[in-house]
Structures are given as structure tokens and as C-alpha cells.
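Position one of the sequence shown corresponds to residue 1 (UniProt numbering), numbered consecutively onward.
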Amino acid sequence: MDVIFSQLSVPEELDLSNSEQWDFTQDNNGRWLTHVNKACFEGEWLVLPLRGLVKHAGRSPILQAFNFEESAGPDDYENYPILDGLPHIARFLRLFPCTVLSARLMKLGPGSIIKPHCDHGLVLSEGQARLHFCLQTDPGVEFIVGGRSLKIGERELWYINAAAEHAVYHRGHTPRIHLVFDCIVNDWLMAQLQPNTEHEER
């Protein structure tokens with residue numbers, strides 16, 4: 001059975017006690033991009049690329065935000081200049097105990113829906129994982145992964161099996177903002193997948 005989702009422990013060296021340090025909205029209001037797959041959502045779904053493929057550095061932000069390659073290795077990724085202005089997020093990614101490939105901020109507006117879909121290749125058995133760290137949310141936000149409901153609280157870190165069908169429904173009033181990053185599966189991550197874990201039935 002594949003893990004559908006699991007809450008992970010945030011490493012102690014990543015100090016998250018001061019919410020004001022997460023300066024993810026500073027000077028970035030004009031740099032958010034609307035998600036390119038407009039058939040996959042209703043309302044407002046915005047992306048801010050922070051880290052991605054080296055070959056897209058200095059190119060279109062749309063390529064930076066959405067053009068990933070499953071065959072690319074760690075050396076094919078780098079931080080984009082915008083991350084220099086977000087030092088606390090840069091530190092979080094640098095000290096994270098897995099090798100981080102791509103990273104984006106993703107904002108879902110109130111009343112919006114991310115329709116059911118699958119993102120292929122991002123599953124533990126294939127060596128890569130997609131993690132969500134919640135920066136800002138609303139009680140009215142519901143994640144559905146593999147048919148199961150999931151509520152992600154602020155400052156919580158979760159593994160989401162993106163290859164399983166998933167959707168998000170925002171019935172609240174405050175934008176939901178997640179730091180979404182893809183990383184290479186290692187022993188630390190696998191050891192985390194014990195408590196608060198849901199498995200896919202076959």
C-alpha cells in the first residue's frame with residue numbers, strides 16, 4: 001500500500017516560533033502567477049517560483065513555475081533570485097534534511113477550488129516526494145487526497161502523495177498559502193512516515 005499523506009515533524013533547528021519571519025508577501029504581490037492549468041481550478045490559484053531548473057533561470061517565470069522534469073537530478077536545480085529577498089524561507093529550504101529540488105509558494109484564494117487531479121512521478125516508490133508546509137490557512141480549507149479528508153494547520157509539514165487523486169476546496173475567507181517543495185526521498189523522510197499516516201487501499 002502506498003502512503004497517501006502523513007504529517008512530518010519539523011526539524012528543531014528550523015525556528016518557526018515567530019510567524020512574522022515568514023515574509024512571503026513582502027514586495028511580491030506583482031510577481032504571483034496564475035496557474036497555467038486553468039481547466040484544473042476555479043477561482044484564484046497563484047504560484048510564486050522560488051527554486052527550479054537551472055536552465056530556466058533568467059527565463060520566463062511561467063517556465064520556472066511549471067516546467068519540471070522527472071529525469072532531472074539535484075545539480076539541475078538552483079535557487080532563483082527572488083529567494084534572496086525571502087531569507088527565512090531560503091534558510092528553511094537550505095537546512096531541510098532532504099535534498100530539495102523545486103520550491104514554490106502556492107496561494108489559493110477564498111471560494112476557490114482545485115479540481116481533482118493527479119501529478120505523476122511524485123511518489124515515494126519513485127524516489128521523489130512533494131511536501132507542503134503551511135504558512136497561512138483558514139478553517140474552511142479542506143484537502144481531499146485519495147478520497148480522504150485532510151486539514152493542514154499553520155506551521156504543519158505534510159507529505160502528500162501527489163500521484164494520488166487530490167483536490168482542495170476553500171470555503172473560508174483568508175487566502176491559503178503553502179510552501180510546496182519537491183525533494184529526494186531519504187532515510188529521514190521514510191522514518192517520518194509512521195504517525196498520522198493514511199495508506200491507499202488496493
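Think of the CB as a built atom: it goes at the ideal place given N, C-alpha and C, for glycine as much as any other residue.
Handout entry: Spatial distance of Asn37 from Pro87 (CA atoms)
Key = One C-alpha to the other measures close to 30 Å.
Practice task
For the alpha helix (DSSP H) containing Phe96, list its first residue and its last residue.
Solution key: Following the DSSP letters along the chain, one finds Phe96 in no alpha helix (DSSP H), marked with neither H nor E.
Problem - Nearest-angstrom Cα separation, counted from Asn161 out to Ala167 - result: Distance between the alpha carbons of Ala167 and Asn161: 12 Å.
Problem - CB of Leu131 within 8 Å of CB of Tyr159, strictly - result: Yes, these two residues count as a Cβ contact at 8 Å.
Practice task
Write down every uninterrupted run of the beta strand (DSSP E) in the UniProt domain "Aspartyl/asparaginy/proline hydroxylase" (90-183) whose length is 3 residues or greater and which is fully enclosed by it, in chain order.
Solution key: Secondary structure remark: continuous beta strand (DSSP E) runs of at least 3 residues inside the UniProt domain "Aspartyl/asparaginy/proline hydroxylase" (90-183), in chain order: 100-108, 113-117, 128-136, 141-145, 148-150, 157-160 and 166-170.
Practice task
Quickly, what does DSSP pair Gln7 with across the bridge? List them, please.
Solution key: Gln7 is bridged to Trp158.
Practice task
Would you please state the rounded distance, in angstroms, between the beta carbons of Ala163 and Val123? I believe it to be under 8 Å.
Solution key: Contact check for Ala163 and Val123: beta-carbon distance about 4 Å, within the 8 Å limit, so the pair qualifies.
Problem - Classification of Met106 by the beta-carbon crowding that lies within 10 angstroms, buried from 16 upward - result: Classification of Met106: buried, given that the 10 Å Cβ count is 16 or more.
Problem - Alpha-carbon to alpha-carbon, Cys40 and His117 - result: Going from the Cα of His117 to the Cα of Cys40 covers about 7 Å.
Handout entry: Selection from Met190, Leu189 and Trp45 that minimises the alpha carbon distance to Lys115
Key = The candidate whose alpha carbon is nearest that of Lys115 is Trp45.
Practice task
Spell out the partners DSSP gives Asn52 in its beta bridges.
Solution key: Here residue 52 is Gly; the residue named in the question, Asn, does not match the sequence. As DSSP reads the structure, Gly52 sits in a beta bridge with Glu78.
Practice task
Report whether the distance from the Cβ of Leu33 to the nearest heavy atom of the ligand PLP is below 7 Å.
Solution key: The model on display carries no ligand, and the ligand PLP is accordingly not part of it.
Handout entry: Where the alpha helix (DSSP H) through Ala39 begins and ends
Key = Boundaries cannot be given for Ala39, as no alpha helix (DSSP H) includes it and DSSP labels it neither H nor E.
Exercise for the section: Name, in chain order, the residues that DSSP records as bridge partners for Pro46. Expected result: First, the residue type needs correcting, since residue 46 is Leu and not Pro in the sequence shown. Under DSSP, the beta-bridge partners assigned to Leu46 are Thr34 and Lys107.
Exercise for the section: Please classify residue 204: is it buried, with 16 or more other beta-carbons within 10 angstroms of its beta-carbon, or exposed? Expected result: The structure shown does not extend to residue 204, since the chain spans only 1 to 202, so no value can be given for it.
Problem - Start-to-end residues for the alpha helix (DSSP H) that takes in Asp84 - result: For Asp84, there is no enclosing alpha helix (DSSP H), as DSSP gives it neither H nor E.
Practice task
May I have the straight-line CA-CA distance separating Ser125 from Asp182, to the nearest angstrom?
Solution key: Going from the Cα of Ser125 to the Cα of Asp182 covers about 14 Å.
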